[in-house]
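Heads up: the structure comes next, in structure tokens.
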Amino acid sequence: MTIRWKPVVAGVVLAGLVGGIGYAVQQKLTSPAAPPSAGAGGPPPGPPGAPPGPAGGPRSAVVAVQAGTVAREDVPIWFDGIGTIQAFNTVTVRARVDGELQRVSLQEGQLVKAGDLLATIDSRALQAQLAQAEAKKAQDEALLANARRDLERNMGLKEFASRQTVDTQRALVAQYEAQIRADEAAIEAVRVQLNYTTVTAPISGRIGLRTVDQGNVVRASDQSGIATITQIQPIAVLFTLPEKQLPAVLAAQAQGPVKVEVQDREGRRVLDTGALAVVDNLIDSGTGTIRLKAEMPNDPQKLWPGQFVNVRLLSTIRRDATTVPSTVVQRGPQGTYAYVIKDDLTVEQRPIKVARQEENKAIVDEGLTPGERVVVDGQYRLQPGSKVRIVEPIASAAPAGAAPAANTPTGTAPDPAAREERRRERQQRENNGTAPPPGQRDGRQPS
């Protein structure tokens with residue numbers, strides 16, 4: 001009986017061993033990797049999210065960064081504003097006499113010069129008035145000649161003509177002389193009206209859309225006019241600046257012409273360069289801004305009345321300024337700082353004082369020395385003493401007409417080795433359960 005159960009017991013034991021081994025293998029494959037244990041005498045691993053170091057994991061990992069050099073250069077200080085292009089002069093061409101519009105010589109959108117013929121109005125009625133005035137003058141001249149002869153006769157007959165008769169004749173002569181002067185004035189007035197039948201351009205500029213066609217009767221009282229001429233060479237730009245910048249603008253204006261640049265809406269392309277013309281005489285108390293007007297040559301004609309533009313005013317030039325790319329400047333609880341790369345390729349977190357920071361460049365008053373190397377990209381993985389490896393940025397295709405700024409992340413692609421290193425570090429943090437929140441991965445801060 002015992003011999004009969006032995007094969008059965010052996011089979012059950014063998015099946016149990018096979019199942020246990022399979023379960024152990026499955027658990028080994030599906031379970032996450034265990035965090036590395038501290039070596040003998042070494043510090044224990046830090047809590048999740050702790051920085052590298054004695055209590056946060058290995059610190060000897062080399063971090064790939066992009067580097068730049070602290071420079072000393074002259075930096076122009078620009079004030080940025082928003083403006084609108086305005087025609088330097090605008091004239092509505094109107095008829096100054098009543099009559100039929102016989103001819104329209106202007107073309108819509110045409111560039112004209114002062115004095116160019118634009119339109120012709122029927123002048124026949126005025127020519128008739130001119131002929132009538134000239135005939136009236138001839139009549140009065142004949143009467144004057146006769147009166148003068150009578151006066152000469154009366155003065156020659158001293159013994160027979162009374163003094164009253166002579167005085168009356170002398171007054172009649174003066175009356176006809178005055179009448180002739182009135183006739184001459186009437187003739188001149190009609191001639192002026194005749195000149196108005198030829199409509200010419202009062203200024204040089206570009207003609208807009210005309211409002212009346214040939215054959216219509218126009219009147220001097222019409223408000224719409226025939227067309228509008230806008231002077232666009234030169235052209236003006238109206239813009240505003242904060243009132244706190246007014247002293248610097250006035251100081252620059254006292255030194256000479258102040259340079260003004262006009263850029264497109266995106267601020268990528270300079271459309272024209274001119275000079276400041278006028279600073280308004282009051283500050284808008286509602287907005288705290290001051291209005292300014294600059295004059296642009298507009299050659300070639302890239303600016304158009306009513307166009308929305310960005311405006312930059314050159315207030316001064318800072319000589320021998322210490323500059324770095326804007327991405328070098330970091331901010332923390334203690335203020336601004338930068339990572340300086342030392343000769344042994346370790347980094348030092350150094351406090352700095354920033355005087356002015358623009359899109360691509362920052363002026364540093366304290367903390368950095370020209371010639372030092374600083375970290376431009378990759379700071380989020382650094383701490384004081386970190387070992388770094390400098391990688392070169394890979395330029396990517398930029399839009400036509402736009403050049404990426406040097407030593408800035410703009411227009412660069414991450415180094416492949418640095419990207420692979422970031423991927424390994426991220427995988428290791430996920431396996432250890434210390435992965436940062438999604439918004440902080442790859443150096444991005446949560447918004």
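All the letters of the sequence shown, read from the start, carry residue numbers 1 to 447 under full-length UniProt numbering.
Glycine is no exception: its CB is placed at the ideal position from the N, C-alpha and C atoms.
Nothing here was measured: the structure is a model prediction, and the numbers come from that model.
Output needed for leucine 209: all residues of its chain with C-beta closer than 6 Å, excluding positions within five of it in sequence on either side, in chain order. Glu108
CB contact flag (valine 311, isoleucine 82, <8 Å): The answer is yes: Cβ separation under 8 Å.
Applying the criterion that 16 or more other CB atoms from any shown protein chain within 10 Å of the CB defines a buried residue, is glycine 401 buried or exposed? Interpretation of glycine 401 is limited by its pLDDT of 41, a score under 50 that renders its predicted location unreliable; no figure is taken from the coordinates.
Where does threonine 287 sit, in a helix, a strand or coil, going by DSSP? coil
Quick check: the segment 189-204 against the segment 116-124, are there 3 or more CB pairs under 8 Å? yes
Please tell me whether aspartate 140 and isoleucine 187 are closer than 8 Å, where the distance is taken between their beta carbons. no
How would you write the range of the alpha helix (DSSP H) that glutamate 184 sits in, first residue to last? 163-196
Helix, strand or coil, according to DSSP, for lysine 244 in the structure here? DSSP places lysine 244 in helix when its eight states are reduced to three.
Provide the residue span of the beta strand (DSSP E) that contains asparagine 310, from first to last. 308-325
Step through the CB atoms of chain B and report whether any lies within less than 8 Å of the CB of arginine 181. Of the protein chains in the structure, only one exists, and it is not chain B.
Given arginine 103 as reference, the closest of Ala87, Thr92, Ser123 and Gln110 once Cα atoms are compared: Ser123
Could you tell me which of Lys137, Val91 and Ile226 sits nearest to glycine 205, measuring between CA atoms? Val91
Taking 8 Å as the cut-off, does the segment 382-390 touch the segment 353-363 (at least 3 CB pairs, one atom from each stretch)? no
DSSP three-state assignment for valine 388, whether helix, strand or coil: It is a strand residue.
Would you report the Cα separation of glutamate 134 and alanine 189, rounded to the nearest angstrom? Between glutamate 134 and alanine 189, the C-alpha separation is close to 12 Å.
Rounded separation between leucine 111 and leucine 238 - CA only: 24 Å
Return the Cβ separation of lysine 293 and aspartate 272 in integer angstroms, given the expectation that the two are a contact with Cβ distance under 8 Å. That belief does not hold up - the Cβ atoms of lysine 293 and aspartate 272 are roughly 14 Å apart, past 8 Å.
Rounded distance between the beta-carbons of alanine 236 and glutamate 184, thought under 8 Å: 45 Å between Cβ atoms; not a contact.
Which class does alanine 277 belong to by DSSP, given the choice of helix, strand or coil? strand
Could you pull out every residue in the same chain whose Cβ sits closer than 6 Å to the Cβ of aspartate 213, ignoring the five residues on either side in sequence? none
Meets three-Cβ-pair contact criterion under 8 Å: the segment 330-341 and the segment 371-387: yes
Cβ-based neighbour list, alanine 87, same chain, cut-off 8 Å, excluding 5 preceding and 5 following: Gly205, Thr230, Gln231, Ile232, Ile235, Ala236 and Pro305
If you pair each beta-carbon of the segment 318-332 with each one of the segment 58-73, do three or more pairs fall below 8 Å? The answer is yes - the segment 58-73 touches the segment 318-332, with three or more Cβ pairs under 8 Å.
Lysine 353, DSSP secondary structure in three states: strand
Note down, in chain order, each residue of its chain lying with its Cβ closer than 6 Å to the Cβ of leucine 313, except the 5 sequence neighbours on either side. Phe79 and Val260
Pull up the CB-CB distance for valine 93 and isoleucine 363, whole angstroms please, since I reckon it's below 8 Å. The distance from the Cβ of valine 93 to that of isoleucine 363 is about 52 Å, inconsistent with a contact at the 8 Å cut-off.
Go ahead and label glycine 288 buried or exposed: buried means 16 or more other beta carbons lie within 10 angstroms of its beta carbon, across all protein chains shown. With fewer than 16 Cβ atoms within 10 Å of its Cβ, glycine 288 is classed as exposed.
On the DSSP letters alone, give me the boundaries of the alpha helix (DSSP H) that glutamate 152 sits inside. First-last of the alpha helix (DSSP H) with glutamate 152: 124-156.
Taking the C-alpha atoms as reference points, what is the distance between serine 224 and asparagine 89? 18 Å
Valine 63 to glycine 332, Cα distance in whole Å? 21 Å
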